[in-house]
């Protein structure tokens, strides 16, 4: 015969599985990655002692200012992220908790992920070169562009690569720097037709940009809202959808004439 439990006893017994579950979850790995602002690199300069952009077959110009591509750093695909890690980083402005599948292709090994990111970077560089030369009316048969950026994968530097090639070859088109002497940062994919595409981690990238001296940040227009969530003071957002729009915005900033779009 079963004896009846008092109400406090019943609550205590029911609470035991919940306590056990929470204790297990606190230490069990969860399908998340923790991201933070990563490195930036001036595509007009050098990275690890090697020029990021090298052009042959056409005269280049000495540039002023900087065009800094931005990155985020995330815990690895095999890293153990616990409930405590999620809670500790959830409300930090300089951290983001993201589903692991949103950062890394699901089910892939580390080598496969690295290969995927390298391939995306190469495709991005090819598209950047094609887009820049097409914008300038130059033939890829006569002008060769070599892009090198160590330890960075993915397609999100495409826009900045393209602008860097244009600045090295033509500047603002009238003898000045496309940057106007400023430190310009940004992010965005690019295709051969000059269309700018969205990327991830924009709010973290704006922090990396400000940390490394940028005053202007080029952002894919569809990601204006994300970029404004943790926008550092003194960093101006300039939304772009096309390469031509990005060049026009930078030229207007440089010359102090014409409209400059804002988020």
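Numbering (our numbering), first residue to last: 2 to 264. Using N, Cα and C, we set each Cβ at its ideal position, and we do this for glycine too.
DSSP bridge partner residues for residue i (one or two, in chain order)
{"i": "residue 33", "result": "100"}
{"i": "residue 68", "result": "185"}
{"i": "residue 43", "result": "69"}
{"i": "residue 75", "result": "36"}
{"i": "residue 198", "result": "190"}
{"i": "residue 313", "result": "Because the chain in this structure spans residues 2 to 264, residue 313 falls outside the shown range and cannot be described."}
DSSP-derived helix/strand/coil call for residue i
{"i": "residue 49", "result": "coil"}
{"i": "residue 187", "result": "strand"}
{"i": "residue 236", "result": "coil"}
{"i": "residue 165", "result": "helix"}
{"i": "residue 8", "result": "Residue placement at residue 8 is flagged as unreliable, the pLDDT there being 46, under the threshold of 50; the coordinate-derived value follows with that caveat. Of the three classes helix, strand and coil, the one that applies to residue 8 here is helix, per DSSP."}
{"i": "residue 27", "result": "Residue confidence is low: residue 27 scores 49 on pLDDT, short of 50, so the model does not pin down where it sits. Its coordinate-derived value is still stated next. In this structure, residue 27 counts as helix in the three-state DSSP scheme."}
{"i": "residue 258", "result": "coil"}
{"i": "residue 153", "result": "coil"}
{"i": "residue 139", "result": "coil"}
{"i": "residue 147", "result": "strand"}
{"i": "residue 22", "result": "Note that residue 22 scores a pLDDT of 39, beneath 50, so its modelled location is shaky; the value from the coordinates is reported in the next line. Here residue 22 sits in helix by DSSP."}
{"i": "residue 263", "result": "coil"}
{"i": "residue 224", "result": "helix"}
{"i": "residue 130", "result": "helix"}
{"i": "residue 204", "result": "helix"}
{"i": "residue 60", "result": "coil"}
{"i": "residue 174", "result": "coil"}
{"i": "residue 242", "result": "coil"}
{"i": "residue 87", "result": "helix"}
{"i": "residue 252", "result": "helix"}
{"i": "residue 55", "result": "strand"}
{"i": "residue 93", "result": "coil"}
{"i": "residue 179", "result": "coil"}
Candidates the options, of which the one nearest residue i by Cα
{"i": "residue 243", "options": "233, 221, 227", "result": "221"}
{"i": "residue 166", "options": "134, 256, 124", "result": "134"}
{"i": "residue 32", "options": "86, 44, 232", "result": "86"}
{"i": "residue 72", "options": "49, 210, 45", "result": "210"}
{"i": "residue 163", "options": "55, 49, 175", "result": "55"}
{"i": "residue 186", "options": "192, 217, 138", "result": "217"}
{"i": "residue 76", "options": "258, 230, 101, 246", "result": "101"}
{"i": "residue 232", "options": "253, 246, 245, 205", "result": "205"}
{"i": "residue 230", "options": "195, 92, 139", "result": "92"}
{"i": "residue 138", "options": "194, 83, 257, 81", "result": "194"}
{"i": "residue 153", "options": "176, 181, 122", "result": "122"}
{"i": "residue 199", "options": "111, 177, 227, 46", "result": "227"}
Distance cut-off 7 Å: residue i Cβ against heavy atoms of the ligand GDP
{"i": "residue 88", "result": "The ligand GDP is not among the ligands present in this structure, which contains no ligands whatsoever."}
Proximity test, Cβ basis, 8 Å: residue i and chain B
{"i": "residue 241", "result": "Among the chains in the structure shown there is no chain B, since it carries only a single protein chain."}
Pair within 8 Å by beta-carbon distance, residue i and residue j
{"i": "residue 70", "j": "residue 51", "result": "no"}
{"i": "residue 236", "j": "residue 215", "result": "yes"}
{"i": "residue 197", "j": "residue 190", "result": "yes"}
{"i": "residue 38", "j": "residue 212", "result": "yes"}
{"i": "residue 155", "j": "residue 118", "result": "yes"}
{"i": "residue 241", "j": "residue 224", "result": "no"}
{"i": "residue 201", "j": "residue 103", "result": "yes"}
{"i": "residue 255", "j": "residue 171", "result": "no"}
{"i": "residue 94", "j": "residue 36", "result": "no"}
{"i": "residue 114", "j": "residue 78", "result": "yes"}
{"i": "residue 99", "j": "residue 157", "result": "no"}
{"i": "residue 48", "j": "residue 150", "result": "yes"}
{"i": "residue 281", "j": "residue 44", "result": "In the structure displayed, the chain extends from 2 to 264; residue 281 sits before or after that span and is not available."}
{"i": "residue 148", "j": "residue 124", "result": "no"}
{"i": "residue 145", "j": "residue 57", "result": "yes"}
{"i": "residue 259", "j": "residue 253", "result": "yes"}
{"i": "residue 143", "j": "residue 62", "result": "no"}
- Check whether the region 129-137 touches the region 61-68, taking contact to mean three or more Cβ pairs, one atom from each stretch, closer than 8 Å. no
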